[in-house]
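Inspection log for the structure reproduced underneath, given as structure tokens.
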Amino acid sequence: MSAGRPLYVVSLDRAKNRLVVGEDQDLRSTKCEVRDVNWISIATPSAPVAAMVRVRNRHEPSPAQITPLDATTARVTFREPQRAITPGQAAVFYSGELVLGGGWIR
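Residue numbers (the numbering used here): -7 to 98.
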């Protein structure tokens, strides 16, 4: 497919056998849900927690609010849109150098 500009895979629609493409801004999002969350250095919070969150290995941690949905699921809301928050990638929560926990992006 030629569009005269870079295009990126935005999503897969398996039910309709479609590959959805878009531009760079279409890859940006402020929210994601994280499953199989493991709280390492704190007890499972009962209220939202402010933290720095990394959504892939080379991603610069970004300020976010982590809202626990249940014991092993949380919603991450970033202050600024982040590029390519991808299902299956790890999300790790930090407070300074301390790892609070992490899980897998849905």
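The C-beta atom is built at its ideal place from N, Cα and C for all residues, glycine as well.
Annotation: Cys24 to Trp31 spans about 17 Å, alpha carbon to alpha carbon.
In the structure shown, the three-state DSSP call for Gln81 is coil. With a 10 Å radius around the Cβ and a threshold of 16 neighbouring Cβ atoms, Gln74 comes out buried. Considered as a whole, the stretch 0 to 56 harbours 0 to 5, 10 to 14, 20 to 31 and 41 to 46 as its complete beta strand (DSSP E) runs of no fewer than 3 residues, in chain order. Cβ contact annotation for Met(-7) (same chain, cutoff 8 Å, sequence separation greater than five): Leu(-1) and Val13, in chain order.
By a beta-carbon distance limit of 8 Å, Thr69 does not contact Ile97. Their separation comes to about 13 Å.
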